[in-house]
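First comes the structure, then the notes that go with it.
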Amino acid sequence: MKTTIRSQMPVVSREWQKAEGTRQKSVERYSRWKSEERRFKQNSEDRRKIRIQQAEYQNQKAESNMQQSEGRRQKQKRIDHHHHCPPDLDQVWTYSSDFSHLLTLSGAFYRCIQIYQTPS
């Protein structure tokens, strides 16, 4: 009986070592997989944060552009309002036949009148 156990001992020990090696490899494989998974989650979280930051930046940029274009639009409205001649200049002429009164109007309006002034 003792001899049998002794003769089987190296086999058992070899089997145990093989199993231990397999276990060690699977632990290493699992830990490597776990670290890769953690890295992937971190990377995807970082990518998500970057996408959010980019979207916020784009929104701010769009809002800024909208405000700028609105400001330009308002400025253009003011310019158009001051520089465009009134639609019915004849009425203006008939309303204010006194030339000195026309000179007291805004410069832009006076320029319009000069341009459209009919030679007498």
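Heads up: the sequence shown runs through residues 4 to 123, numbered per my numbering.
Glycine included, every Cβ here is placed at the ideal spot set by N, Cα and C.
All of these numbers come straight from a predicted model, not from anything done at the bench.
- Around Asn68, the same chain offers no residue with a beta carbon nearer than 6 Å, after the five sequence neighbours per side are excluded.
- Looking at the backbone, the Cα of Trp36 and that of Ile53 are separated by about 25 Å.
- Arg42 and Arg51 have their alpha carbons spaced roughly 14 Å apart.
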